[in-house]
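Only one structure is covered here, and it is reproduced in the block below.
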Amino acid sequence: MWLAVVLGAVPLLMWLFWQWNDVWYRLVTATLRSSEGGTSLPPGYMGLPVIGETFTFLWYFKFLRRPDDYINSKRRRFDDEIGMYRTHLFGRPSVIVFSPSATKFVYRANESFKTEWPNVELVGKTSVVAVHGKAHARLRTFVTRSVNQPEALRRIAATVQPRMISALDSWAKCPTVTSYKEIKKVTFENIGMFFASFKPGPSLDLLSEYFHGLVSGVRSYPMNIPGFAYYHGLQCRKKAMAILEEELKKRKNKFEDGSSESVNDLMDGLMKLKDEEGGQLSDIEIIDNIVSLLLGGYESTTLSTMWAVYYLAKYPKVLQKLRDETMALKSSKSEQFVTSEEVLKMKYTMKVVDETIRLANVSPFLFRTTTKDVTYKGCTIPEGWNVMLWIRYIHTDPENFNDPLSFNPDRWDVPMAPGTYQVFGGGSRICAGNMLARLQVAIFLYHLTTGYTWKLVNPDAKVKYLSNPKPEDGAEISIEKL
Ligand code: HEM
Numbered sequence: 031m032w033l034a035v036v037l038g039a040v041p042l043l044m045w046l047f048w049q050w051n052d053v054w055y056r057l058v059t060a061t062l063r064s065s066e067g068g069t070s071l072p073p074g075y076m077g078l079p080v081i082g083e084t085f086t087f088l089w090y091f092k093f094l095r096r097p098d099d100y101i102n103s104k105r106r107r108f109d110d111e112i113g114m115y116r117t118h119l120f121g122r123p124s125v126i127v128f129s130p131s132a133t134k135f136v137y138r139a140n141e142s143f144k145t146e147w148p149n150v151e152l153v154g155k156t157s158v159v160a161v162h163g164k165a166h167a168r169l170r171t172f173v174t175r176s177v178n179q180p181e182a183l184r185r186i187a188a189t190v191q192p193r194m195i196s197a198l199d200s201w202a203k204c205p206t207v208t209s210y211k212e213i214k215k216v217t218f219e220n221i222g223m224f225f226a227s228f229k230p231g232p233s234l235d236l237l238s239e240y241f242h243g244l245v246s247g248v249r250s251y252p253m254n255i256p257g258f259a260y261y262h263g264l265q266c267r268k269k270a271m272a273i274l275e276e277e278l279k280k281r282k283n284k285f286e287d288g289s290s291e292s293v294n295d296l297m298d299g300l301m302k303l304k305d306e307e308g309g310q311l312s313d314i315e316i317i318d319n320i321v322s323l324l325l326g327g328y329e330s331t332t333l334s335t336m337w338a339v340y341y342l343a344k345y346p347k348v349l350q351k352l353r354d355e356t357m358a359l360k361s362s363k364s365e366q367f368v369t370s371e372e373v374l375k376m377k378y379t380m381k382v383v384d385e386t387i388r389l390a391n392v393s394p395f396l397f398r399t400t401t402k403d404v405t406y407k408g409c410t411i412p413e414g415w416n417v418m419l420w421i422r423y424i425h426t427d428p429e430n431f432n433d434p435l436s437f438n439p440d441r442w443d444v445p446m447a448p449g450t451y452q453v454f455g456g457g458s459r460i461c462a463g464n465m466l467a468r469l470q471v472a473i474f475l476y477h478l479t480t481g482y483t484w485k486l487v488n489p490d491a492k493v494k495y496l497s498n499p500k501p502e503d504g505a506e507i508s509i510e511k512l
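Heads up: the sequence shown runs through residues 31 to 512, numbered per my numbering.
Structure, rendered in structure tokens:
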């Protein structure tokens, strides 16, 4: 009898262990939400109790280094019609959305899918990326006007070039440089300049160090214990806030004693911003917004620029075609600087930029949380679930792009199929700095290709995908003047 019990119970217990999350969440949704119409969850597998599929996710990202095969493996196992799968990641029941039409549904159903940044306390709870409704609309209009429209782009184009030119000049004097590290320095100096008029120097170096810690913390598991990235991120945020608070105080004091000069940077604009009742932003709101914009703009632009350097070194024919265009512009001008209008008119350059950002996938996922039960194509995503828009898959799926992993700017000769280019997200949260980002990469490429030739030191360096995609050596290059 015992043998029969063991033979029957052990497999049952193992099955239950293996299927625990699926059984549990199906039960919960079937019993609590039976009045809601479509009660079945999206297809998929939710993994083991508590840990869910977190190790499987890490397996594809960290060990196999083929992140999108995580989705491909699901597509082989489950129905892929609906464009989403249920899973359980990093402690939360989740749905992964991977098709253009399903992501479009999420962007449109704005009220049902709330933007939720992981570790939002690091980004800033009152920042444009975290607030909703009217407060979001007001801040967003301001940010877009300040960094993303023609007048702002013209001003920013002139601001960023001196640092780019002198950085390239100094790189050529070194035997090799790590492009990620060096581009990051230039990008931070530039962003620090037009966001808060910070000049290169010790304060900016410290701020850059703190932001590095902050970025790592945002993408980490929230363990507030010394030694963990999240804890370090919180410490870095405190220190970065102190520097920005100090700057804000200085400006306010100058304003009060009448000695303030017009600065015309983002911090100044935020200080003057008023709502319909004439109310101004509090100090913490101003600082939260500077922090979040620095966070949004600096790592993403750095990585995109680094990937452009990397791909161009690997694709000499593309580089030649790009150089033909940038050289033609250079020889038609007497000034060293280019204007935003000139850059944005260079057709092939902009294709190189768009192709780089597509393939680099520096923002691989977007996060939302359901505010109520949402039904899509007969399946229900329960309230409070994590929704992960896996936008990198949209850019690497052969159904959307022919030979998707090759770097081919010519693919931009024809318009992309609708919804297949989502590098900047979509809907009401679409990137507020997309033109600025494209412009910065393009200006950098103009100066790089018209003045220098470069090679990757380790062309076969492995790529790591967490927390951001980059070659393990940070794209080390040897660079010399043309
Ligand atoms: C290549 C570089 C960049 C990429 C790939 C990128 C990507 C994105 C993506 C995918 C989103 C949508 C987030 C979501 O829906 O949850 C976003 C939002 C945002 N980005 Fe960017 N971004 C880049 C550069 C910049 C720059 C330079 C700025 C500078 C200000 C910026 C500011 C923002 C802001 C403020 C938002 C939030 C918009 C909102 O919530 O309304 N981004 N970005």
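Here a beta-carbon is modelled for each residue, glycine too, at the ideal position from N, C-alpha and C. A quick note: this is a predicted structure, and the numbers were derived from the prediction, not measured.
If you ignore the 5 residues before and after Arg193, its C-beta comes within less than 7 Å of the C-beta of Val216, Glu219, Asn220, all in its own chain and listed in chain order. For Thr400, the uninterrupted beta strand (DSSP E) run begins and ends at 396-400, by DSSP. Taking the CA atoms as reference points, Val159 sits about 19 Å from Tyr260. Runs of the alpha helix (DSSP H) lying entirely within the region 344-431 and spanning at least 4 residues, in chain order: 346-361, 370-375, 377-390, 421-426. In terms of Cα proximity to Leu512, the closest of Thr332, Ser250, Leu198, Lys302 is Leu198. When only Cα atoms are considered, Val53 and Ile101 end up about 22 Å apart.
Fewer than three beta-carbon pairs drawn from the region 445-452 and the region 318-325 are found closer than 8 Å, and the two stretches are therefore not classed as touching. Between Asp295 and Phe224, the C-beta gap is smaller than 8 Å, which places the two residues in contact. In this structure, the straight-line span from the alpha carbon of Leu324 to that of Gly222 is close to 8 Å. The Cβ atoms of Thr133 and Ser124 do not sit closer than 8 Å to each other. When the Cα atoms are used, Met465 and Val207 turn out to be separated by approximately 28 Å. In the DSSP assignment, Tyr482 falls within the unbroken beta strand (DSSP E) covering 482-486. Under the three-state reduction of DSSP, Arg56 is assigned to helix. With fewer than 16 other Cβ atoms inside 10 Å of its own Cβ, Gly414 counts as exposed. Nearest Cα to Ile273 within the set Asp313, Leu352, Tyr55, Pro489: Asp313.
One Cα belongs to Val153, the other to Glu212, and the distance between them is close to 24 Å.
Distances between the C-beta of Ser393 and the heavy atoms of the ligand HEM include at least one below 7 Å.
Asp433 sits exposed, since fewer than 16 C-beta atoms from the chains shown fall within 10 Å of its C-beta. DSSP lists Val127 as the beta-bridge partner residues of Met114. Sequence-distant Cβ neighbours of Leu236 in its own chain, meaning closer than 7 Å and more than five residues away, are Ile273. Bounds of the beta strand (DSSP E) holding Ile509 are 506-511. Sixteen is the threshold: when 16 or more other Cβ atoms of the shown chains lie within 10 Å of the Cβ of His477, as they do, the residue is buried. Sorting Pro501, Thr479, Asp110 by C-alpha distance to the C-alpha of Ile509 places Thr479 at the top.
Contact annotation: Asn51 and Pro79 have beta-carbon atoms nearer than 8 Å. In this structure Leu475 is in contact with Thr379, their Cβ atoms being roughly 6 Å apart against a cut-off of 8 Å. Scanning its chain for C-beta atoms nearer than 8 Å, with the 5 sequence neighbours on each side dropped, one finds around Val293 the residues Ser227, Arg281, in chain order.
Inclusion of Lys500 and Met336 in the CB contact set at 8 Å is warranted, their separation being smaller than that value. Rounded to whole angstroms, the separation of the alpha carbons of Ala338 and Thr386 is 6 Å. Scanning the region 283-327 from its first residue to its last, the whole alpha helix (DSSP H) runs of 4-plus residues come out as 296-302. Gly154 carries a coil assignment under DSSP once its states are collapsed to helix, strand and coil.
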